[in-house]
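Notes to accompany the following structure.
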Amino acid sequence: MNSKNLEKNIFVDAIKQSFVKLLPKTQIKNPVMFVVYIGAALTSMLYLLSFAGIKDESPFYTLAIALILWFTVLFANFAEAMAEGRGRAQADTLRKSRKDVKAKKLKSAADAEDYEEVLSNTLKKGDIVYVKAGEQIPMDGEVIEGAASVDESAITGESAPVIRESGGDKSAVTGGTTLVSDWLVIRVTAQPGESFLDKMIAMVEGASRKKTPNEIALRILLVTLTVIFLAVTATLLPFSDFASKQAEAGSAVSITNIIALLVCLAPTTIGALLSSIGIAGMSRLNQANVLALSGRAIEAAGDVDILLLDKTGTITLGNRQASEFIPLGGVTEHELADAAQLSSIADETPEGRSIAILAKDRFNLRGRDLSKLGAAFVEFSAKTRMSGIDYQGNEIRKGAAEAIKKFVLDKGGIYPDECDQIVKRVAGEGGTPLVVAKNNKVLGIIYLKDIIKNGVKDRFEDLRKMGIKTIMITGDNPMTAAAIAAEAGVDDFLAEATPEAKLNLIRNYQAKGHLVAMTGDGTNDAPALAQADVAVAMNTGTQAAKEAGNMVDLDSSPTKLIDIVRIGKQLLMTRGALTTFSVANDVAKYFAIIPVLFFGIYPQLDSLNFMRLTNTTSSILSAIIYNALIIVALIPLALKGIKYDEMPAGKLLKRNMQIYGLGGILAPFGAIKLIDIVLTACGLV
1 MNSKNLEKNI
11 FVDAIKQSFV
21 KLLPKTQIKN
31 PVMFVVYIGA
41 ALTSMLYLLS
51 FAGIKDESPF
61 YTLAIALILW
71 FTVLFANFAE
81 AMAEGRGRAQ
91 ADTLRKSRKD
101 VKAKKLKSAA
111 DAEDYEEVLS
121 NTLKKGDIVY
131 VKAGEQIPMD
141 GEVIEGAASV
151 DESAITGESA
161 PVIRESGGDK
171 SAVTGGTTLV
181 SDWLVIRVTA
191 QPGESFLDKM
201 IAMVEGASRK
211 KTPNEIALRI
221 LLVTLTVIFL
231 AVTATLLPFS
241 DFASKQAEAG
251 SAVSITNIIA
261 LLVCLAPTTI
271 GALLSSIGIA
281 GMSRLNQANV
291 LALSGRAIEA
301 AGDVDILLLD
311 KTGTITLGNR
321 QASEFIPLGG
331 VTEHELADAA
341 QLSSIADETP
351 EGRSIAILAK
361 DRFNLRGRDL
371 SKLGAAFVEF
381 SAKTRMSGID
391 YQGNEIRKGA
401 AEAIKKFVLD
411 KGGIYPDECD
421 QIVKRVAGEG
431 GTPLVVAKNN
441 KVLGIIYLKD
451 IIKNGVKDRF
461 EDLRKMGIKT
471 IMITGDNPMT
481 AAAIAAEAGV
491 DDFLAEATPE
501 AKLNLIRNYQ
511 AKGHLVAMTG
521 DGTNDAPALA
531 QADVAVAMNT
541 GTQAAKEAGN
551 MVDLDSSPTK
561 LIDIVRIGKQ
571 LLMTRGALTT
581 FSVANDVAKY
591 FAIIPVLFFG
601 IYPQLDSLNF
611 MRLTNTTSSI
621 LSAIIYNALI
631 IVALIPLALK
641 GIKYDEMPAG
651 KLLKRNMQIY
661 GLGGILAPFG
671 AIKLIDIVLT
681 ACGLV
């Protein structure tokens, strides 16, 4: 289904849901709009009573007010239903990826051949299953044996397979993903109905969305304002009756007009949009492939002023690039480069391509005629941890030091101590060493180096302007860490980071009143993630990390933390801007309605009727029509969010006051006057 059809279906469904939500038990959840709901019911009753001779206002006018109030409630329901509809669409997509499959449940973890086939929905926490290439992983779990490539596109949308293996930080697997190669023995870590996918579906469709503390506080403020306006308007009936008798002019304000006045003065605009703003904020996070396990975390992301960032994948490319060929004694650099390039011809990884390019740049080694060589390529696998090429009796392998060492020794070759020393030096400098061997002889090492991402320095400068301090976390030694930190432009760094060091760093900043965000994927990150205010666990990480975090990044991209902060800030900015606009609207509507409402009793108020509205009926109808239409007009802004700009909170507040505060005051005057002209021209007032 294309996006246009999807939006159309969401729109149609939102219209239906607008009427479904008219049930009192649903309306009462939003106290501000519940007042409008009661007002619509009362004016409808007054209209029906007019047929029995009990008239508060003319039947046409009362009916018009009642219909406009009902539309106001429907528009508020529509705003919320549109936001929920997008969440349900995301949930439906996820449901399609979830299906019950047959699983090989092992009777003993030691024997992969001794199993019984069961449906995945019968698996329980602690069960052990065997999965081989081409099969779907039946349930969330932890790899306890094996290494394999896993296609997680059903969950993350990313087509490139990822490595999952036992004993490391890449051991967590998700139900619904598929093995591309090899095999895995997995221990189930979730009960039926509590899998990661189940939690995702519940979150994105809003079933598990709880109101955040800020949202609750704002709701209390809006209810308080509504109660105040309710008390004020309730006194107008006896006051206007008394004043009209004393002045011997005019008449008491009608109940219909009092209800209309209450609806216009109450903060109905933000009251109608508040839920949709929160739901849309979570939806934007889901669209960024981040699952928020707590609404509080999204708001906290908007207030974060300390960012702890992993070096690899966040500040550096993560896919390290070949920077140097280091030959062993008796081997020329040209000879090493030639072998390294040959072993990388079929290697389509960024690292493999960078090796071929470095050999070409340094020694002009270009394309080879592989048909003449009769070459057979050895692809990289998670099990062997190396790749290579066999041609004309030659055998070249390139890979991790331990893998090449085992390969050479098993073939009867010699692994020099010099190679071990260079490997340690490269690793100590923060690089990644790849060892190259030809015909069981170790030729040397390829130095893969972290490359600072383009534009990352500018992004950190933008964060600095927002008052956010960036701290790079790395296991590198202090010298290497300092060099990368200076090149990247971060404010500070933590070198040789241990779990205790990360935890203490977060606690120290929190003790000073800061809100801290961090990312992590390993079990050793779990304590710090549990302590951080915004903790983003990588989906590729361990179960412990995912349970400790309050967000899970399905793409497992550490740079996502910056985007999460932006989404959180955009949510707060949108809510603040629309609240400012709504309150300013109420002030403007007060000056539009009150003068003409009491003009009959106090003729002096005519001087305040600077818009020259036709009469009381026209002013009330115009104001209440505007009050309904402005909700519809602001729905796209509530769903999309206001434009995000990196600026300090003080400047942001000033901008919001200028744009949304001043705009909120001026917009009603022009709109109400225009509606008044239309109503008068049509002879409706």
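Under this note's numbering, the first residue of the sequence shown is numbered 1, with each subsequent residue one higher.
All residues carry an ideal CB built from backbone N, CA and C; glycine is no exception.
Small disclaimer: the values here were computed from a predicted structure and weren't measured.
Residues near residue i in its chain [Cβ-Cβ closer than 6 Å; skip 5 each side]
i, result
"Leu225", "Pro267"
"Ala207", "Annotation note: pLDDT 46 at Ala207 (below 50); position unreliable, coordinate value reported separately. Once the five neighbours on either side are set aside, Ala207 has no close Cβ partner at all."
"Ser276", "Ala79, Glu80, Ala83 and Ala638"
"Phe598", "Leu605"
"Glu7", "none"
First through last residue of the beta strand (DSSP E) which encompasses residue i
i, result
"Ala725", "Residue 725 lies beyond the stretch modelled for the chain, which goes from 1 to 685, so this question has no answer here."
"Phe363", "Counting along the chain, Phe363 falls outside any beta strand (DSSP E), though it belongs to the alpha helix (DSSP H) covering Pro350 to Phe363."
"Gln321", "Gln321 to Pro327"
"Glu496", "That residue, Glu496, is in no beta strand (DSSP E); it is neither H nor E in DSSP."
"Phe377", "Ala376 to Val378"
"Met386", "Met386 to Tyr391"
"Asn394", "Asn394 to Gly399"
"Glu116", "Tyr115 to Leu119"
"Ile144", "Gly141 to Glu145"
"Glu165", "Val162 to Glu165"
Residue i, enclosing alpha helix (DSSP H) - first and last residue
i, result
"Asn585", "Lys560 to Leu597"
"Thr233", "Pro213 to Ala247"
"Ala26", "Checking the displayed sequence, the identity of residue 26 turns out to be Thr instead of Ala. Element bounds for Thr26: Pro24 to Gln27."
"Met690", "The structure shown has nothing for residue 690, since the chain only spans 1 to 685."
"Ala427", "Asp417 to Gly428"
Environment of residue i [buried if 16+ CB atoms lie within 10 Å]
i, result
"Lys21", "buried"
"Tyr61", "buried"
"Lys105", "buried"
"Val12", "exposed"
"Val516", "buried"
"Ile220", "exposed"
"Met386", "buried"
"Lys372", "exposed"
"Gly126", "exposed"
"Phe19", "exposed"
"Val227", "exposed"
"Pro595", "buried"
"Ala376", "exposed"
Same chain only: Cβ atoms within 7 Å of residue i, ignoring 5 sequence neighbours per side
i, result
"Pro668", "Asn585, Ala588, Lys589, Ala592 and Tyr626"
"Ser618", "Asp676, Leu679, Thr680 and Val685"
"Gly64", "According to the sequence provided, residue 64 is Ala. The question's Gly does not apply to it. Contacts found: Leu621."
"Lys383", "Ala147 and Asp182"
"Asp151", "Pro161, Thr177, Thr178 and Val180"
"Pro416", "Leu328 and Val442"
"Val331", "Leu443 and Gly444"
"Ala243", "Ile601"
CB-CB length for residue i against residue j, believed under 8 Å
i, j, result
"Leu571", "Gly549", "At roughly 19 Å, the Cβ-Cβ gap does not stay under 8 Å, so Leu571 and Gly549 are not in contact."
"Thr432", "Arg320", "5 Å"
"Arg566", "Tyr644", "6 Å"
"Phe581", "Thr72", "Actually they do not touch by this definition, with Cβ atoms about 17 Å apart."
"Ile422", "Ile445", "5 Å"
"Pro478", "Ala495", "4 Å"
"Ala488", "Met466", "Between Met466 and Ala488 the Cβ distance is about 17 Å, and since that is not below 8 Å, they are no contact."
"Ile186", "Ile144", "7 Å"
"Phe75", "Ala301", "Not quite, the Cβ-Cβ distance comes to about 30 Å (not below 8 Å), so this is no contact."
"Gln191", "Lys124", "6 Å"
"Ala340", "Lys398", "6 Å"
"Ile396", "Leu342", "6 Å"
Beta-ladder partner(s) of residue i, from DSSP
i, result
"Gln136", "Thr178"
"Arg459", "Arg459 is not bridged to any residue."
"Met472", "Leu309 and Phe493"
"Ala36", "The amino acid occupying residue 36 in the given sequence is Val; Ala does not appear at that position. Per DSSP, none; premise fails for Val36."
"Tyr130", "Lys104 and Val185"
"Lys449", "Gln321"
"Leu642", "Inspection of the sequence shows that residue 642 is occupied by Ile rather than by Leu. Ile642 is not bridged to any residue."
"Leu42", "Per DSSP, none; premise fails for Leu42."
"Lys8", "Paired residue(s): none; Lys8 is not in a bridge."
Contacting residues, own chain, Cβ-Cβ under 8 Å from residue i (five flanking each side not counted)
i, result
"Trp183", "Ala112, Tyr130, Val131, Lys132, Ala133, Gly146 and Ala148"
"Asn656", "Met573, Gly576, Ala577 and Thr580"
"Ile503", "A quick correction: the sequence has Leu, not Ile, at residue 503. Cβ neighbours of Leu503 beyond the five flanking positions: Pro527, Ala528 and Gln531."
"Val490", "Leu309, Ile315, Phe460, Thr470, Ile471 and Met472"
"Leu237", "Ala252, Val253, Ile255 and Ile258"
"Arg623", "It should be noted that the sequence gives Ala, not Arg, for residue 623. Hits under 8 Å: Ala260, Cys264, Lys589, Ala592, Ile593, Pro668 and Ile672."
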